[in-house]
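Everything on this sheet refers to the single structure shown next.
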Amino acid sequence: MPRHGRAALLRLAAWFEDADPRSAHEICSAAFAVHGATHLGGPGEDPVGAASSWWTAPLADGAAARLANALPAAEVRDHAEQRSRLRDAAESSAHWRRSAAQELRRVLSEATGGDSRIRLSTPAMEVLMELLTAALGTGDATRHPVSAGDLELGVRLHIRHDPRAAITLRGADGDLGLEGLRLRVTSFDAPDETAEIPDAESRSRPAPASGTPLPFARED
290 MPRHGRAALL RLAAWFEDAD PRSAHEICSA AFAVHGATHL GGPGEDPVGA ASSWWTAPLA
350 DGAAARLANA LPAAEVRDHA EQRSRLRDAA ESSAHWRRSA AQELRRVLSE ATGGDSRIRL
410 STPAMEVLME LLTAALGTGD ATRHPVSAGD LELGVRLHIR HDPRAAITLR GADGDLGLEG
470 LRLRVTSFDA PDETAEIPDA ESRSRPAPAS GTPLPFARED
């Protein structure tokens, strides 16, 4: 307990010890604001009915309790500037991600070929890596096509296995090579290639041995 608080309580205890019963009640009411409920009844000449709502009833006067040496309340910090910075950062990030999604739809509107070399901006590469990771996590791409989309960005990545395919993704942070995959980016609500019935060649092709890695990725 702070020193000034302890001193105030000791002084209050001394007043109680020296006071008669009537004075003790008055000291208690003043110190702890334990006034009787009668002060909520309103003016005597215009009493408030028992069924009156406190919302529409007149205000009642009451004594506010205040310690003698109470410390002032700490000033509430204004976080408006911080919220503004966070909002601007979120809007900027959303803008760049939308631009990256449009770039992917433009560059990968057609399925990649046997030996594709594609240059992407850094935001587009980040969005593509997110979609690529999500798509390959949905199933085994060597058995059937897989896909993953982002509803907010309005894009969907379709991945199909092709042993003869090779892709080199070039970016500012380096190159990434993928072998055995064909990629295509469409709108989010485009028909899902995973629902297609596999052709006779796909059905007759033996499944790869357990533990076969896919895709083979190389970083240059």
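Residues in the sequence shown are numbered consecutively from 290, following the numbering used here.
Where a beta carbon is used, it is the ideal one built from N, C-alpha and C, also for glycine.
Values in this document were obtained by computation on a predicted structure and should not be read as measured data.
- Within the stretch 400 to 429, the runs of alpha helix (DSSP H) at least 4 residues long that lie entirely inside it are, in chain order, 411 to 425.
- His368 sits in coil when the DSSP states are folded into three classes, being neither helix nor strand.
- Within 10 angstroms of the beta-carbon of Ala383 lie fewer than 16 other beta-carbons, which makes it exposed.
- For Ser436, the enclosing beta strand (DSSP E) starts and ends at Val435 to Asp439.
- Measuring C-alpha to C-alpha distances from Gly463 to each of Met414, Val444, Gly438 and Ala339 identifies Met414 as the nearest.
- Annotation: the continuous beta strand (DSSP E) that includes Pro452 extends over Val444 to Gly460.
- Counting along the chain, Ser476 sits inside no alpha helix (DSSP H); it lies in the beta strand (DSSP E) bounded by residues Gly463 to Ser476.
- Counting C-beta pairs closer than 8 Å gives fewer than three between the stretch 364 to 381 and the stretch 396 to 408, which falls short of the contact rule.
- In this structure the stretch 414 to 427 lies against the stretch 440 to 448, because at least three pairs of beta carbons, one per stretch, are closer than 8 Å.
- Pairing Val474 with Leu421 gives a Cβ-Cβ distance that is not under 8 Å.
- If you draw a straight line from the Cα of Arg453 to the Cα of His433, it comes to about 16 Å.
- Rounded to the nearest whole angstrom, the CA to CA distance from Leu301 to Trp344 is 36 Å.
- Within the same chain, and ignoring the five residues on either side of Ser476 in sequence, the residues whose Cβ sits closer than 8 Å to its Cβ are Arg394, Gly443, Val444 and Arg445.
- In this structure, the alpha-carbon of Leu375 lies about 23 Å from that of Glu364.
- In this structure, Ile456 lies away from Thr411, with their beta-carbon atoms at least 8 Å apart.
- Taking Ser388 as reference, the option from Ser373, Thr431, Glu441 and Val435 with the minimal CA-CA separation is Glu441.
- The C-alpha of Val323 is placed about 16 Å away from the C-alpha of Pro310.
- Here the C-alpha atom of Leu470 lies approximately 19 Å from the C-alpha atom of Gly460.
- Val435 places its beta carbon 8 Å or farther from that of Arg386.
- The shortest C-alpha to C-alpha distance from Leu458 to any of Asp478, Met418, Ala437 and Asp439 is the one to Met418.
- Counting the other CB atoms within 10 Å of its CB gives Ala430 a total of 16 or more, which places it among the buried residues.
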